[in-house]
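Here the structure comes first, spelled out in C-alpha cells, and everything after it is commentary.
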Amino acid sequence: MRIEVLKSKIHNVKITFTQLNYIGSITIDEDLLDAANMIENEKVLIVNNNNGERFETYIIKGERGSGIIGLNGAASRKGMIGDELIIISFATMEFEEAKKHQPWLVFPNKFNKI
Numbered sequence: 000m001r002i003e004v005l006k007s008k009i010h011n012v013k014i015t016f017t018q019l020n021y022i023g024s025i026t027i028d029e030d031l032l033d034a035a036n037m038i039e040n041e042k043v044l045i046v047n048n049n050n051g052e053r054f055e056t057y058i059i060k061g062e063r064g065s066g067i068i069g070l071n072g073a074a075s076r077k078g079m080i081g082d083e084l085i086i087i088s089f090a091t092m093e094f095e096e097a098k099k100h101q102p103w104l105v106f107p108n109k110f111n112k113i
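Numbering that gives the first Met the number 0 numbers the first residue of the sequence shown as 0 and each following residue consecutively.
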C-alpha cells in the first residue's frame with residue numbers, strides 16, 4: 000500500500016509581493032527551498048493563516064537570500080502582502096517507509112530568513 004505523507008513544510012512566512020499579470024505560481028527564496036528540500040516546479044499546498052484560503056500551485060525559485068515570497072497570477076487573489084502562509088509539499092511512499100519518514104520542517108523568522 001502507498002500513502003501520501005508530509006514531505007516538507009515552510010511555516011509562517013509572510014507574503015512580500017503579489018503579481019496578478021503572471022502565470023500562476025508561488026515564488027520562494029531559494030534558501031528556504033533548500034532548507035525545506037523543495038524544488039522549482041514542485042506542487043505545493045498553500046495555507047493562508049490570515050484569511051483561511053487553501054490552494055495548490057507550483058514553485059518558482061526566488062532570489063537566494065532575498066526572503067521573497069510572492070503570489071503570482073490567479074494565486075495573487077488568495078492573499079495580501081504581509082499575510083502569513085504555510086507552504087506544504089507531500090510525497091507518496093510505501094506504508095512501511097512512511098512510518099520511518101521524517102519531514103523537513105522550516106520555521107523562518109519574521110523576515111522570511113532561516
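For glycine and all other residues, C-beta sits at the position ideal for the given N, C-alpha and C.
In whole angstroms, give me the CA-to-CA distance for K109 and T17. Position 110 of the sequence shown holds residue 109. Position 18 of the sequence shown holds residue 17. Taking the straight line from one Cα to the other gives about 18 Å.
### Alpha carbon of N20 to alpha carbon of G69, nearest angstrom
Here residue 20 refers to the residue found at position 21 of the sequence shown. Here residue 69 refers to the residue found at position 70 of the sequence shown. Going from the Cα of N20 to the Cα of G69 covers about 13 Å.
Length of the line joining the Cα atoms of R1 and K98: Working through the sequence shown from its first residue, we reach residue 1 at position 2. Working through the sequence shown from its first residue, we reach residue 98 at position 99. Roughly 11 Å separates the two Cα atoms.
Q) In the DSSP assignment, what are the bridge partners of I45? A) If you number the sequence shown from 1, residue 45 lands on position 46. In DSSP, I45 forms a bridge with F54, I86.
*Relative to the ligand HEM, is the shortest distance from any of its heavy atoms to the C-beta of K112 smaller than 8 Å?*
Ligands in the displayed structure: none, and consequently the ligand HEM is not present.
- Message: One question on the structure: do I85 and L31 come within less than 9 Å of each other, judged by their Cβ atoms?
- Response: Here residue 85 corresponds to residue number 86 of the sequence shown, with the count starting at 1. Here residue 31 corresponds to residue number 32 of the sequence shown, with the count starting at 1. No, they are not a contact pair.
Q.
Suppose the cutoff is 7 Å on Cβ atoms and the five residues either side in sequence are ignored; what does the same chain contact list for N40 look like?
A. In the sequence shown, residue 40 corresponds to position 41, counting from 1. Here the set comprises Y57, I58.
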